[in-house]
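For the sequence shown, the numbering used here assigns the number 2 to the initial residue and increments by one for each residue that follows. From the three backbone atoms N, C-alpha and C, an ideal C-beta is built for every residue, glycine too. Each remark here refers to the structure printed beneath this line.
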Amino acid sequence: MSQPFRATDPATGESLEPSFFESTAEEVDAVARAAASAFAPYAALPADRRSAFLRAIGEQLQALGDPLLERARRETALPRPRLEGERTRTVNQARLFADVVDEGSWVDARIDRAQPQRQPAPKPDLRRMLVPLGPVAVFGSSNFPLAFSVAGGDTVSALAAGCPVVVKAHPAHPGTSELAARAVRAAARATDMPDGVFGVVHGPSPAVGQALVAHPAIQAVAFTGSFRGGTALAQAAARRAQPVPVFAEMGSANPVFVLPEALATRGQAVADVLAASVTLGCGQFCTSPGLTLVAPSPAAEAFVGRLGAKLAEAPAGTMVHAGIKRAYDAELAAVAALPGVRVASRSAGRGANPATEAQPALLLADAATMAAHQRLAEEIYGPVTVAVPFSSGDEMVAAARRLHGHLTATLFATERDLAENRELVAVLAGKAGRLVLNGVPTGVEVTHAMHHGGPWPATTDPRATSVGTAAILRFARPVCYQDFPDAALPEELRDRNPRGIFRLVDGRLTRDSP
């Protein structure tokens, strides 16, 4: 029997109407089967039909107006301006993927023409392009109720690739999820999409998500959340009779390196901007800077003192649900209890609801302690950073080599710092998906060049991004056609190039016909 559940206002602890019902195994099966039935007709649609659907999603989301923002505010306690910005981002990324579909070159068409006279054996005609994988399961995240949720980047990039989507809505914001789902369904009706192209399942029980991932109709999974959740889904997908890829973005500590000349010339300013990044959104970003590595410098002590003072005076923040707050408290306490680690500062501020309020903090350790405890380089999800001053540049490079994979690595550095620390920069390029110079890692632009991913354990696949237009590539696979007549080929591979896309023809990138 389906179990009821409700959202809770994190700022007040109030249980919110209405009740929602956990999807049963039969309901999960029905939604996944509908997506499977929709796959062939949806994948066969002309590009302009798919792009019209994506643009309609953006329009329908915008048309929801204030009720969407108000419900999201009550379910997450995120401030109204933040939610307005997130809605704009969600709408704009739907439009951006529509543009990618219209332009068409994302299919990576490659043509190697036949050479029948070649000796000692003729060369066949070979033509290759990307095609959609099949129905995709998308898991909504708790900290971005719009941009990484029901109609967020994972959903629109999968739809752009030609894949139907089944979303597992996050149970902390079911009302927001249902409103966004209405927008997607309305867009599907308005653009005459196949039945089953989009579906949603609900429920706080892990069994719902596990059932979705295990369903034979699902051909790929996209997830944003915790390491524990992402690895559980990856393991479930691997146990299937037909394993499928899981693109899980699981967060990271996002190390920040503050180099000597930057410390000496603007250490206080760097401390201020870093503290603001640590506390942004109550630290509820997968790119929050949770590890600060300080180069040897006479200015290092003043920098750490300033960073601690800024975090101590920061107000308490409200986390998006009580489970995240409990995890923050437990992880902070566990790391602070490690030998050689101390709490250098912690805010004494109080929030509106003790069950969800989180106080910013600075933990302090030395290089030997960091070398002894890998846990210091792992994420504590919330408004905290671990500062580690070093006594030599070689010691800092050695610490960088011991890091596991992260989404980002940041350098506060002058040109001289960069020139004198080339080895460090090279090491970090092997440890993170995005290197940031003289800025903060929080804030991820949705562009063609963005990469939001990184080596394990930041993600399950370091080649994939969950932000930016390259996210579409997660949900496609290559097919090669050998010696097919022109009329039997997909449009993108025909001689005349009717779509006018860029193609690699006999090794040369061109829009021209062969």
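ask   = Using a Cβ-Cβ cut-off of 7 angstroms (strictly less than) and excluding sequence neighbours within five positions of Ala-237, which residues of its own chain qualify?
value = Reading the sequence shown from its first residue, position 236 is the one you call residue 237. Excluding positions up to five away in sequence, the list reads Gln-211, Val-214 and Ala-215.
request  = List the residues that DSSP assigns as beta-bridge partners of Phe-22.
outcome  = Along the sequence shown, one-based indexing puts residue 22 at 21. Looking at the DSSP output, Phe-22 bridges to Pro-5.
key: Top-ranked residue by Cα proximity to Val-468, from Glu-71, Arg-114 and Thr-156   = As a first step, residue 468 must be located in the sequence shown, where it is residue number 467. Minimum Cα distance to Val-468 is reached at Thr-156.
inquiry  = Counting beta carbon pairs with one atom in the segment 376 to 394 and one in the segment 436 to 448, are three or more of them shorter than 8 angstroms?
reply    = Under the Cβ criterion (8 angstroms, minimum of three pairs), the segment 436 to 448 does not count as touching the segment 376 to 394.
task = For the beta strand (DSSP E) holding Met-320, just list the boundary residues, first then last.
result = Counting from 1 along the sequence shown, the entry for residue 320 is found at position 319. Met-320 -> no beta strand (DSSP E), and no H or E assigned at all.
key: Length at least 3, wholly inside the segment 93 to 150: the beta strand (DSSP E) runs in chain order   = Counting only runs of 3 or more, we get 111 to 113, 127 to 133 and 137 to 140.
query = Is the segment 80 to 97 in contact with the segment 51 to 66, if contact means three or more CB pairs nearer than 8 angstroms?
reply = As far as the Cβ criterion goes, the segment 80 to 97 touches the segment 51 to 66, which means the pair count is three or higher.
query = With a CB to CB cut of under 6 angstroms and the five nearest residues on each side skipped, what residues in its chain are close to Ser-253?
reply = Start at 1 with the first residue of the sequence shown, and residue 253 comes out as number 252. If you ignore the 5 residues before and after Ser-253, its C-beta comes within less than 6 angstroms of the C-beta of Glu-380, His-407, Leu-408 and Ala-459, all in its own chain and listed in chain order.
query = If you compare alpha carbons, which of Ala-53, Gly-86, Asn-498 and Ala-315 is closest to Asp-103?
reply = For the purposes of this step, residue 103 is taken as residue 102 along the sequence shown, with counting starting at 1. Closest in C-alpha terms to Asp-103, from the list Ala-53, Gly-86, Asn-498 and Ala-315, comes Ala-53.
request  = Report the three-state DSSP secondary structure of Tyr-482 (helix, strand or coil).
outcome  = For the purposes of this step, residue 482 is taken as residue 481 along the sequence shown, with counting starting at 1. It is a strand residue.
ask   = If you compare alpha carbons, which of Pro-244, Ala-317 and Asp-193 is closest to Ala-12?
value = Stepping through the sequence shown from its first residue, residue 12 is reached at position 11. Comparing Cα positions, the closest option is Ala-317.
query = Does the Cβ-Cβ distance between Leu-127 and Val-108 come in under 9 angstroms?
reply = Walking along the sequence shown from the start, residue 127 turns up at place 126. Walking along the sequence shown from the start, residue 108 turns up at place 107. The Cβ-Cβ distance between Leu-127 and Val-108 does not fall below 9 angstroms.
message = Judging by CA-CA distance, which residue of Phe-286, Ala-31 and Ala-401 is the nearest neighbour of Val-201?
response = Translated into positions along the sequence shown, residue 201 becomes position 200. Checking every option, the nearest Cα to that of Val-201 belongs to Ala-31.
ask   = In terms of DSSP beta bridges, what is Ala-410 paired with?
value = The count along the sequence shown starts at 1 and reaches residue 410 at position 409. Ala-410 is bridged to Leu-436.
task = Run the CB neighbour count on Glu-174, radius 10 Å, all protein chains shown included, and call it buried at 16 or more, exposed below.
result = Here residue 174 refers to the residue found at position 173 when the sequence shown is read from its first residue. Reading off the sequence, residue 174 comes out as His, not Glu. Classified as buried, His-174 has 16 or more neighbouring CB atoms from the shown chains inside 10 Å of its CB.
inquiry  = According to DSSP, Thr-386 sits in a beta bridge with which residue or residues?
reply    = For this step, residue 386 is matched to residue 385 along the sequence shown. BP columns for Thr-386 point to Leu-363.
task = Select from Ala-39, Ala-300, Gly-508 and Met-251 the residue whose C-alpha is nearest the C-alpha of Arg-229.
result = Your numbering for residue 229 matches position 228 in the sequence shown. Considering only alpha carbons, the answer is Met-251.
ask   = CA-CA distance, Pro-195 and Pro-42?
value = Your numbering for residue 195 matches position 194 in the sequence shown. Your numbering for residue 42 matches position 41 in the sequence shown. Rounded to whole angstroms, Pro-195 to Pro-42 spans 7 angstroms at the Cα level.
ask   = Which residues share a DSSP beta bridge with Arg-347?
value = By one-based count along the sequence shown, residue 347 stands at place 346. Paired residues: Ala-362.
task = Have a look at Arg-343 and Val-279 and give me their C-alpha separation to the nearest angstrom.
result = Counting from 1 along the sequence shown, the entry for residue 343 is found at position 342. Counting from 1 along the sequence shown, the entry for residue 279 is found at position 278. Arg-343 and Val-279: Cα-Cα distance of roughly 18 angstroms.
ask   = Considering Val-157, what are the terminal residues of the alpha helix (DSSP H) in which it resides?
value = Translated into the one-based positions of the sequence shown, residue 157 becomes position 156. Per DSSP, Val-157 belongs to the alpha helix (DSSP H) from 154 to 162.
ask   = Is the CB-CB distance between Ala-223 and Val-101 below 9 angstroms?
value = Translated into the one-based positions of the sequence shown, residue 223 becomes position 222. Translated into the one-based positions of the sequence shown, residue 101 becomes position 100. Pairing Ala-223 with Val-101 gives a Cβ-Cβ distance that is not under 9 angstroms.
query = Where does Gly-464 fall in DSSP's three states?
reply = Taking the sequence shown and counting its residues from 1, one reaches residue 464 at position 463. The residue you asked about is not Gly; residue 464 is Arg in the sequence shown. Here Arg-464 sits in coil by DSSP.
query = When the Cα of Cys-287 is compared with those of Ala-430, Asn-255 and Thr-461, which residue comes out closest?
reply = Locating residue 287 in the sequence shown gives position 286, counting from the first residue. Considering only alpha carbons, the answer is Asn-255.
key: Proximity of Val-245 and Ala-36 at Cβ, strictly below 9 angstroms   = Taking the sequence shown and counting its residues from 1, one reaches residue 245 at position 244. Taking the sequence shown and counting its residues from 1, one reaches residue 36 at position 35. Their beta carbons are not under 9 angstroms apart, which means Val-245 does not touch Ala-36 by this criterion.
ask   = For the beta strand (DSSP E) that Gly-200 lies in, which residues bound it at each end?
value = Your numbering for residue 200 matches position 199 in the sequence shown. Counting along the chain, Gly-200 sits inside the beta strand (DSSP E) bounded by residues 199 to 202.
query = By Cβ distance below 7 angstroms, which residues in the same chain neighbour Thr-25 in space, the five residues on each side in sequence not counted?
reply = Here the question's residue 25 lines up with position 24 in the sequence shown. Result list for Thr-25: Ser-3, in chain order.
request  = Please report how far the alpha carbon of Ala-378 lies from the alpha carbon of Leu-404, in whole angstroms.
outcome  = Here residue 378 refers to the residue found at position 377 when the sequence shown is read from its first residue. Here residue 404 refers to the residue found at position 403 when the sequence shown is read from its first residue. Distance between the alpha carbons of Ala-378 and Leu-404 is about 7 angstroms.
ask   = Thinking C-beta only, is Thr-225 closer than 9 angstroms to Val-257?
value = Residue numbering aside, residue 257 sits at position 256 when the sequence shown is read from its first letter. Residue numbering aside, residue 225 sits at position 224 when the sequence shown is read from its first letter. Going by C-beta atoms, Val-257 is not nearer than 9 angstroms to Thr-225.
query = With a Cβ-Cβ cutoff of 9 angstroms, do Val-305 and Leu-365 count as a contact?
reply = Here residue 305 refers to the residue found at position 304 of the sequence shown. Here residue 365 refers to the residue found at position 364 of the sequence shown. The answer is yes: Cβ separation under 9 angstroms.
ask   = Which residues mark the beginning and the end of the beta strand (DSSP E) in which Pro-256 is found?
value = By one-based count along the sequence shown, residue 256 stands at place 255. In the DSSP assignment, Pro-256 falls within the beta strand (DSSP E) that extends over 256 to 259.
query = So who's on the other strand from Glu-250, going by DSSP bridges?
reply = As a first step, residue 250 is located in the sequence shown; it is residue number 249 there, counting from the start. Here Glu-250 is bridged, per DSSP, to Thr-225 and Thr-460.
query = Tell me which same chain residues have a C-beta within less than 8 angstroms of the C-beta of Ala-265, skipping the five on either side of it?
reply = The residue given as residue 265 occupies position 264 in the sequence shown. Taken in chain order, the residues that qualify are Ser-298, Pro-299 and Ala-300.
key: Separation of Pro-217 from Arg-495, as counted between CA atoms   = Walking along the sequence shown from the start, residue 495 turns up at place 494. Walking along the sequence shown from the start, residue 217 turns up at place 216. Their backbone Cα atoms lie some 33 angstroms apart in a straight line.
message = Here's a check: name, in chain order, each residue in its chain whose Cβ is nearer than 6 angstroms to the Cβ of Arg-88, leaving out the five neighbours to either side.
response = Within the sequence shown, numbered from 1, the residue matching residue 88 stands at position 87. Once the five neighbours on either side are set aside, the close Cβ partners of Arg-88 are Leu-147.
message = Quick check on Leu-294: does DSSP put it in helix, strand or coil?
response = In the sequence shown, counting from the first residue as 1, residue 294 sits at position 293. The answer is strand: DSSP assigns Leu-294 an E or B state.
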